[in-house]
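Engineer: In my numbering, the protein residues as written are 23 to 141.
From the three backbone atoms N, C-alpha and C, an ideal C-beta is built for every residue, glycine too.
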């Protein structure tokens, strides 16, 4: 039986000093350290997406070794959607995540994401 998969997606504007999220690397490191014992024990697999965009996120779900049970996004957002830089419709990611039957946890760490919870 395939192990459950956790996907961690990180998106940042590294070229824009004003919008650069300085703590994003530390957040990623902290999450990886927290999940390391579960991965080492063979309880789950972990996929990390740096420079996340809709195409990379969809590919990670499709190529996951086991059912994706948790998705964590850290990056920029506004009241209309997550700020992923690939021209994909902002509503598309929420709809995509809503269709994932095995997904049990979605964690959005970005500004102004409260309005996305019901989507």
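(1) State yes or no: is the C-beta of residue 46 within less than 8 Å of the C-beta of residue 57?
(2) Helix or strand or just coil, what does DSSP make of residue 111?
(3) Alpha carbon to alpha carbon, what distance is there between residue 82 and residue 29?
(4) With a threshold of 16 other CB atoms inside 10 Å of the CB of residue 120, please say whether the residue is buried or exposed.
(5) Do residue 60 and residue 66 have their CB atoms nearer than 8 Å?
(6) Let me check understanding here. Comparing Cα to Cα, which of 118, 53, 124, 131 lies closest to residue 27?
(7) Tell me the start and end of each unbroken alpha helix (DSSP H) in the stretch 33 to 89 that is at least 4 residues and wholly inside, in chain order.
(8) What are the boundary residues of the beta strand (DSSP E) that residue 127 is part of?
(9) Can you give the Cα-Cα distance for residue 70 and residue 33, rounded to whole angstroms?
(10) Would you mind sorting residue 129 into buried or exposed? The rule is 16 or more other CB atoms within 10 Å of its CB.
(11) Alpha carbon to alpha carbon, how far is residue 51 from residue 88? Give it in angstroms, no decimals.
Structural biologist: According to the structure shown:
(1) no
(2) Because residue 111 carries a pLDDT of 49, less than 50, the predicted location of this residue cannot be relied on, and no value is offered for it.
(3) Approximately 7 Å, taken between the alpha carbons.
(4) exposed
(5) yes
(6) 124
(7) Correct list: 46 to 62, 76 to 85.
(8) 127 to 131
(9) 11 Å
(10) exposed
(11) 23 Å
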